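Just add 598 to wherever you are in the sequence shown, counting from 1, and you've got this note's numbering. For every residue, glycine included, the Cβ atom is placed at its ideal position computed from N, Cα and C. Values in this document were obtained by computation on a predicted structure and should not be read as measured data.
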Amino acid sequence: RNNWLQLSFTELRSLSSFDQVMAGMERIARSFDSGSKAVKGANYFLKRKDSLARYLEDGNYPIDNNLAERMVKPFVIGRKGFLFADTEAGAEATAVWYSLSQSAIMNGLVPEKYIEYVLTRLKNEGIREEVLEDLLPYSRTLPGHLYKK
């Protein structure tokens, strides 16, 4: 943030820690042999300083990407299953399934209940724009029983 007076105690501690890490990386970049792995690592870090500091600008930014890593895990576990998708359409259907179920999880839904609800609505009402809008995993019109308790 531009004005340090507006920072909370936690944000000040984070900023202080971040500044210390940056100072350490700059020391490594200056002090070690330019071809060393330590300098390569420090330079990699320093080149991404602005991106790494995003969480200091806005409390809505996560400090890490753990959520994204957890969301990718089912794909990693299921990747051998992709080898047996006999067709491009089969591979695409699998990708859509994973994407839909992970989006449901991210929005607090029980994936099995949500997908059953989506398929039932599409079967009964057809694939129309207004139906699809209501079925998005972040739609505020989804029934309460689809959410985790």
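Beta-carbon spacing of residue i, residue j below 8 Å
| i | j | result |
| --- | --- | --- |
| LYS647 | MET620 | yes |
| LEU733 | ARG719 | yes |
Alpha carbon of residue i to alpha carbon of residue j, nearest angstrom
| i | j | result |
| --- | --- | --- |
| ILE713 | LEU740 | 12 Å |
| PHE616 | SER649 | 12 Å |
| ILE675 | PHE682 | 14 Å |
| TYR653 | PHE680 | 35 Å |
| ASP684 | PHE643 | 42 Å |
| ALA636 | GLY742 | 52 Å |
| ARG625 | ASN641 | 11 Å |
| GLU686 | TYR715 | 26 Å |
| GLU690 | TYR696 | 10 Å |
| ASP656 | SER612 | 12 Å |
| GLY724 | LYS711 | 19 Å |
| ARG677 | ASP662 | 24 Å |
| SER614 | LYS645 | 19 Å |
| SER634 | MET623 | 13 Å |
Proximal residues to residue i (C-beta, below 8 Å), its chain only, five neighbours per side dropped
| i | result |
| --- | --- |
| LEU731 | Note on residue identity: the sequence assigns Glu, not Leu, to residue 731. Excluding positions up to five away in sequence, the list reads SER737. |
| GLU728 | none |
| TYR659 | ARG652 and TYR653 |
| LYS746 | GLY706, LEU707 and VAL708 |
| ALA627 | VAL637, ALA640, ASN641 and LEU644 |
Whole-number beta carbon distance between residue j and residue i, since they are thought to touch under 8 Å
| i | j | result |
| --- | --- | --- |
| LEU717 | LEU744 | The pair is not a contact, with the Cβ atoms about 13 Å apart (cut-off 8 Å). |
Own chain, CB closer than 7 Å to residue i, minus 5 neighbours either side, in chain order
| i | result |
| --- | --- |
| PRO709 | SER699, ALA702 and ILE703 |
| VAL694 | none |
| ALA651 | PHE616 |
| LEU665 | none |
Own chain partners of residue i with C-beta closer than 6 Å, once the 5 adjacent residues on each side are dropped
| i | result |
| --- | --- |
| ASN705 | PRO735 and TYR736 |
| PHE630 | ALA636 and VAL637 |
Worksheet item: Do the segment 658-675 and the segment 687-702 meet, that is, are 3 or more Cβ pairs less than 8 Å apart?
Response: yes
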